[in-house]
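Some notes on the structure that comes next.
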Amino acid sequence: MESVTNLKNIKITPKKLRFFVPLVKKMHPMDAIEVLSHTPNKPAKILSKAVKSAIANAMQTLKVKEDLLRFKTFSIDGGQKLKRYNPGSRGNAQPYIKRFSHINIVLQAAQKSIVSKLRKKS
Numbered sequence: 001m002e003s004v005t006n007l008k009n010i011k012i013t014p015k016k017l018r019f020f021v022p023l024v025k026k027m028h029p030m031d032a033i034e035v036l037s038h039t040p041n042k043p044a045k046i047l048s049k050a051v052k053s054a055i056a057n058a059m060q061t062l063k064v065k066e067d068l069l070r071f072k073t074f075s076i077d078g079g080q081k082l083k084r085y086n087p088g089s090r091g092n093a094q095p096y097i098k099r100f101s102h103i104n105i106v107l108q109a110a111q112k113s114i115v116s117k118l119r120k121k122s
């Protein structure tokens, strides 16, 4: 059983968001929110909101508690790009690109036996 959450066209570059994905991907979703809430960066705040939204979606659709949820996939993709221009010397235009991101989170519900084994180890 899976729950898919997609957040599209978020106004931050994918490169900035991808920095936190390896850190968060291996964690339990509730632990990921805890770590991201104590990180003082804009990407961490955005990812924290995305994970909270994914947990709420999964609890509604799968009818499970948040203790049983695990990340199946967590990916950051590039969204649309806006080309803009700054004035340059001698009447030239200097182009730059404003980049947007898509966040894709898939949560799956683990079986209770697996969760009990994981808790015994820690």
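Numbering of the sequence shown is given in this note's numbering, commencing with residue 1 and proceeding in unit increments. All C-beta atoms in this analysis are idealised placements derived from N, C-alpha and C, irrespective of residue type, glycine included.
Apply the 10 Å Cβ neighbour rule to residue 46 and answer buried if 16 or more other Cβ atoms are within range, or exposed otherwise. Sequence index remark: in the sequence shown, residue 46 carries index 46 (1-based). Of the residues assessed, residue 46 falls on the buried side of the cut-off, its CB having 16 or more other CB atoms within 10 angstroms.
Since residue 10 and residue 100 are thought to touch, with beta carbons under 8 angstroms apart, how far apart are those beta carbons, to the nearest angstrom? Reading the sequence shown from its first residue, position 10 is the one you call residue 10. Reading the sequence shown from its first residue, position 100 is the one you call residue 100. Correct: roughly 6 angstroms between the Cβ atoms.
According to DSSP, which residues form a beta bridge with residue 71? Looking up residue 71 in the sequence shown gives position 71. 107, per the DSSP bridge assignment.
Helix, strand or coil at residue 14 according to DSSP, with G and I counted as helix: Translated into the one-based positions of the sequence shown, residue 14 becomes position 14. The answer is helix: DSSP assigns residue 14 an H, G or I state.
Using CA coordinates, which residue listed in 6, 12, 72 and 1 is at the minimum distance from residue 82? As a working note, residue 82 is residue 82 in the sequence shown. Scanning 6, 12, 72 and 1 for the CA closest to the CA of residue 82 turns up 12.
Sufficient close CB pairs (3 or more, under 8 angstroms) joining the region 50-66 to the region 28-41: They touch, by the three-pair rule.
With three or more beta-carbon pairs closer than 8 angstroms as the criterion, would you say the region 51-62 touches the region 89-96? Taking one beta carbon from each stretch, the region 51-62 and the region 89-96 have fewer than 3 pairs nearer than 8 angstroms; the two do not touch.
With 16 as the cutoff for other CB atoms within 10 Å, does residue 54 come out buried or exposed? Start at 1 with the first residue of the sequence shown, and residue 54 comes out as number 54. Using a 10 angstroms sphere on the CB of residue 54, the tally of other CB atoms reaches 16 or more, which defines it as buried.
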